[in-house]
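Please read the structure below before turning to the comments.
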Amino acid sequence: SHVAAFKERLQNAGIDLSKWGYGGAKSIEHLFWEVESQRGCVIISMPGGALKRITRLVKIRLVAEIFGVDHTLFSRMQFMHDGQTVERKQVPLRKLTWLESSALHTSADD
Numbered sequence: 002s003h004v005a006a007f008k009e010r011l012q013n014a015g016i017d018l019s020k021w022g023y024g025g026a027k028s029i030e031h032l033f034w035e036v037e038s039q040r041g042c043v044i045i046s047m048p049g050g051a052l053k054r055i056t057r058l059v060k061i062r063l064v065a066e067i068f069g070v071d072h073t074l075f076s077r078m079q080f081m082h083d084g085q086t087v088e089r090k091q092v093p094l095r096k097l098t099w100l101e102s103s104a105l106h107t108s109a110d111d
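The sequence shown stops at residue 111 when you use our numbering, and every number in between is there.
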């Protein structure tokens, strides 16, 4: 399967997969979905065989002045693709989509 090949590529690069998907950590399947389906990041091969994940984000800081007092909009809850929720206090952000698919095969030399 494609996920198995993805896992093998990560392991061949020396990435320890034993803690992925536990204690609120992102699962390998989620990372695969993010790279291949959502195209929210790319993973490039670096010199020496290491891999590097690159994600482009847009953060929005929205401030409204109400009766002379600044109020900033924050996101308080993040909904994960598997139904989990994570409480946070951060400005709204959006991942930008990469046009290139099969991003795992991209090289830093390209």
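The beta carbon of each residue, even a glycine, is placed where N, CA and C say it ideally should be.
In this text the structure is predicted, and so the values were computed from the model without any measurement.
Asked                                                                           : Found
Nearest to Q61 (by Cα), restricted to the options R95, E9, Q12, V4              : Per the sequence shown, residue 61 should be read as Ile rather than Gln. When only C-alpha atoms are compared, the closest one is R95.
I44 burial status per 10 Å Cβ neighbour count (16 or more: buried)              : buried
Continuous beta strand (DSSP E) stretch holding K20: start and end              : Counting along the chain, K20 falls outside any beta strand (DSSP E), and DSSP gives it neither H nor E.
Buried or exposed (CB count within 10 angstroms, at least 16 for buried), V87   : exposed
Coil, strand or helix - L52 by DSSP                                             : strand
Through-space distance from H72 to G24, alpha-carbon basis                      : 33 Å
Chain B contact for Q79 (CB, 8 Å cutoff)                                        : Annotation note: the requested chain B is absent from the structure, which comprises a single protein chain.
C-beta contact flag for V92 and F75 at 8 Å                                      : yes
Cα-Cα separation between L32 and A5, rounded to whole angstroms                 : 12 Å
Residue closest to A14, alpha-carbon to alpha-carbon, out of G84, L58, V59, K53 : K53
DSSP bridge partner residues for H3 (one or two, in chain order)                : None; H3 has no bridge partner.
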